[in-house]
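Engineer:
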Amino acid sequence: MERIRVSFSTGTAAGAGVGGLTWGQQQVFRAMREMGSSMSMGGVVPVHDARQVADFADELRFLMTRYPSMRSLLRFAPDGTTTQEVFTSGEAYLSVHTSGTDADAATLAAEVYAGWKSRPFEYTTEWPIRMAVVRTPAAVTHVLVDVCHLAADGSGLATMIRELPQRHALASSIAGGPLELAAQQRRSTRQTDNAMRFWETHLRTIDTNRFPAGHRPPPAPRFRRLIWTSPALHAASERVASRLSVDTAPVLLAAYATAFARVVAAPRFVTQVIVGNRFRPGLADVVTPLAQNGLVVIDTSRATAEETIHRARQASMAASKYAYYDPAARDALLDRVSKDRGEPMDLQVLYNDRRTATNLAARPWTQAEIGALRPQTRLVSEAELPYFNEKLMLNVDDIEDTTQITTEVDTAYLPMPALHRLLAEMEHFTVTAANSPPTPATP
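Residue numbers for the sequence shown follow full-length UniProt numbering, so the first one is 1 and each next one is one higher.
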C-alpha cells in the first residue's frame, strides 16, 4: 500500500478554533460510546471513468478544505468535558492499493473497507474521513470513503457527494461548520425551553415502562438484527396515503404503533423518533450531524385506521417541532421526572424513517395488486449483534418499490417470535386499511 500525502489549507481562520459539540454531535457521540463504534458511513464505489490517483487526491483536498467538520479533532479535558478543534490547514492521506486484476481489485476493495468498519476512528488524532483507491496496472478501479458519524450524517454526506463535481467552482468557498452552529445553539435557550415543556408534559403522563411484561431471562444470542421486506406494505401504504391525501410516513408510523400495541399490550404507544432537523432555516446543507430524538405518543385504543394515521401525523409533526434542544437539558429533565415518579423513564423504543422521499402515493394500487404482492413478503436476513444499547429500534430503509425494515432488538424484552409478529401486524394493519372503505370516527 502507498500513502499519498494531501496537503490542504483554507487560507482563512473562519470556522476554525476550539469549541463545544453541536447538539446533534452530542447525541451521536453518546451513541458511539455506548456502541463502541464510530457508526461511520460510506462505501466502495467502482470507478468507470478515466480518473487517476491524482484526481482522487484533489477530491480529498477539496473535502478537507470545504467542510470544517472533516478537519476537526476531539479534545477531552480532565473534568470530562469534550470539545472539538477545527484546523485551518494540515495533511490528509489517500491510501493507494494495487491489485493484479479487476476481480482481485473488487475483493481487495471490500476487504479494505471491512477493515475500516471494524476499527473505530482515533478521535483525537485521526481526521474523521478515510479515503482510498484500488488500482490495477491499467486503471483505478474503485474508490473507498468512510466518514465518522461525528462529522456528518446521511444528509451531510449527500451534500458532500452532490458538491464534489462542483469542486473547482467551490474551491475558495468554505461551508458552514460545527463551531458556528454550536455557538448559535448555545444562544437558542427559548428553543430548548419550549422543547422541554413539550417533553415534560408527556413524560409525566405516559407509563414509565415500554414493556409491561418486563425483563425475561435473555436467550443466546440476546441482541439481534433482522431485515424484513414487504412490497405489499409498500403498495398498501401508498394506496392509503393517496386516499387520505397524506404522505406514507404517518401511515407506516401508525402501523408501527398499532402493531406494537397489539403485540406488547400497551395501547398508548411511545417511541423516540429520529428527526433530521434539516427543515430548519439554514441547516439544509450543513455537513455535521443534526438528527436528534423527538418524542411520539399515540393513543391507539378505540381508533379506526384513519384515526390512528391522523394521530400519528399530528404526533410526528409535534415531535419534529420539539426535537431541537440542548441534550443536557433533556438529561436533567429525565432525571428529575424519573426521581419524581420513583423509577427510571424507559424511552428505549425508537423509530427511524430513513427514506428521503415519503410522498410516493402516485400509483393507484388496486386491491388485487396488493394481494398479489403479499407472497413476496420475506425475511431478508437475521444476525447476531455483539451489543445493542436500546430495547427496540425499527428503521425504515430507503429502498425503492418495497418497504424494507431493519430492526435491532434486545430479546430479553421482545423475543424474536414477538418481533416477527410485530412486523406481520404492521403489514396486516396497512393492507386491511388499504382494502377497507373510510370508516366513521369512533365516538
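Where is the CB? At the ideal position from N, CA and C, for every residue including glycine.
Since this is a predicted model, take the numbers as computed values, not measurements.
With DSSP as the reference, please indicate the residues paired to GLN84 in a beta bridge.
Structural biologist: As a working note, residue 84 is residue 84 in the sequence shown. Answer by DSSP bridge pairing, in chain order: GLY19, LEU74.
Engineer: Using the three-state DSSP reduction, which class does GLY342 fall into: helix, strand or coil?
Structural biologist: What you label residue 342 is simply residue 342 of the sequence shown in a count that begins at 1. Three-state result, GLY342: coil.
Engineer: Going by other Cβ atoms of all chains shown within 10 Å of its Cβ, with 16 needed for buried, is PRO68 buried or exposed?
Structural biologist: Taking the first residue of the sequence shown as 1, we reach residue 68 at position 68. Under this definition PRO68 is a buried residue.
Engineer: Taking buried to mean at least 16 other C-beta atoms within 10 Å of its own C-beta, is GLN27 buried or exposed?
Structural biologist: Counting from one through the sequence shown, the residue named residue 27 turns up at place 27. GLN27 should be labelled buried.
Engineer: Evaluate the contact criterion for the region 289 to 303 versus the region 10 to 27: three or more CB pairs, one atom per stretch, below 8 Å.
Structural biologist: The region 289 to 303 vs the region 10 to 27: in contact.
Engineer: Assuming contact is defined by CB atoms lying nearer than 9 Å, are LEU60 and ALA105 in contact in what I supplied?
Structural biologist: Here residue 60 corresponds to residue number 60 of the sequence shown, with the count starting at 1. Here residue 105 corresponds to residue number 105 of the sequence shown, with the count starting at 1. No, these two residues do not count as a Cβ contact at 9 Å.
Engineer: Please state the DSSP three-state secondary structure of THR442.
Structural biologist: Taking the first residue of the sequence shown as position 1, residue 442 is located at position 442. Any answer about THR442 is weak, because its pLDDT of 47 lies below 50 and its placement is not dependable; what the coordinates show is given next. Correct three-state label for THR442: coil.
Engineer: Are there 16 or more other CB atoms within 10 angstroms of the CB of THR81, so buried, or fewer, so exposed?
Structural biologist: Numbered from its first residue, the sequence shown carries residue 81 at position 81. With fewer than 16 Cβ atoms within 10 Å of its Cβ, THR81 is classed as exposed.
Engineer: Give me the Cβ distance between VAL396 and ARG354, rounded to the nearest whole Å; I'm assuming they're in contact under 8 Å.
Structural biologist: Stepping through the sequence shown from its first residue, residue 396 is reached at position 396. Stepping through the sequence shown from its first residue, residue 354 is reached at position 354. 6 Å between Cβ atoms; contact.
Engineer: How long is the line joining the alpha carbons of THR189 and GLY20, rounded to whole angstroms?
Structural biologist: On the sequence shown, residue 189 is found 189 positions in, with the first residue counted as 1. On the sequence shown, residue 20 is found 20 positions in, with the first residue counted as 1. Each residue's Cα considered, the two are about 16 Å apart.
Engineer: For ARG187 and VAL112, what's the separation of their Cα atoms in angstroms?
Structural biologist: In the sequence shown, counting from the first residue as 1, residue 187 sits at position 187. In the sequence shown, counting from the first residue as 1, residue 112 sits at position 112. Rounded to whole angstroms, ARG187 to VAL112 spans 43 Å at the Cα level.
Engineer: Regarding VAL86 and the ligand ATP, is the C-beta to nearest heavy atom distance less than 8 Å?
Structural biologist: Among the ligands in the structure shown, none appear at all, so the ligand ATP cannot be discussed.
Engineer: Can you list, in chain order, the stretches of the beta strand (DSSP E) that have 3 or more residues and sit fully within the region 381 to 436?
Structural biologist: Those beta strand (DSSP E) runs which fall completely within the region 381 to 436 and span 3+ residues are 392 to 396, 403 to 410.
Engineer: Hey, out of ALA412, ASP146, ASN435, whose CA is closest to HIS215's CA?
Structural biologist: On the sequence shown, position 215 is the one that residue 215 refers to. Selected option, being the one with the closest Cα: ALA412.
Engineer: Looking at C-beta atoms only, is the number of pairs between the region 216 to 236 and the region 329 to 346 that lie closer than 8 Å three or more?
Structural biologist: No: fewer than three Cβ pairs fall under 8 Å.
Engineer: Candidates MET196, GLN84, VAL96, GLU163: which alpha carbon is nearest ASP331's?
Structural biologist: Position 331 of the sequence shown holds residue 331. It is MET196.
Engineer: Compare the Cα-Cα distances from THR22 to each of THR356, VAL409, ASP326, SER338 and report the closest residue.
Structural biologist: Here residue 22 refers to the residue found at position 22 of the sequence shown. Closest by alpha carbon: ASP326.
Engineer: Just curious, the alpha helix (DSSP H) that HIS142 is in, first and last residue?
Structural biologist: Within the sequence shown, residue 142 is the residue found at index 142, counting from 1. No alpha helix (DSSP H) holds HIS142; the beta strand (DSSP E) holding it covers 140 to 147.
Engineer: Count the other CB atoms within 10 Å of the CB of THR403; is the residue buried (16 or more) or exposed (fewer)?
Structural biologist: Residue mapping note: residue 403 aligns to position 403 of the sequence shown, counting from 1. So THR403 counts as buried.
Engineer: Can you tell me whether ASN277 is helix, strand or coil according to DSSP?
Structural biologist: Counting from one through the sequence shown, the residue named residue 277 turns up at place 277. If DSSP states are grouped into helix, strand and coil, ASN277 belongs with coil.
Engineer: Can you give the Cα-Cα distance for GLY11 and THR65, rounded to whole angstroms?
Structural biologist: Stepping through the sequence shown from its first residue, residue 11 is reached at position 11. Stepping through the sequence shown from its first residue, residue 65 is reached at position 65. Going by the C-alpha atoms only, they are around 9 Å apart.
Engineer: How close, in whole Å, do the beta carbons of ARG75 and PHE87 come, if the pair is a contact with beta carbons under 8 Å?
Structural biologist: Translated into the one-based positions of the sequence shown, residue 75 becomes position 75. Translated into the one-based positions of the sequence shown, residue 87 becomes position 87. That pair is no contact at about 12 Å.
Engineer: Assuming THR141 contacts GLY100 under a Cβ cut-off of 8 Å, what Cβ separation, rounded to an integer in Å, is found between them?
Structural biologist: Counted from its first residue, the sequence shown places residue 141 at position 141. Counted from its first residue, the sequence shown places residue 100 at position 100. Contact flag wrong, Cβ pair sits at about 11 Å.
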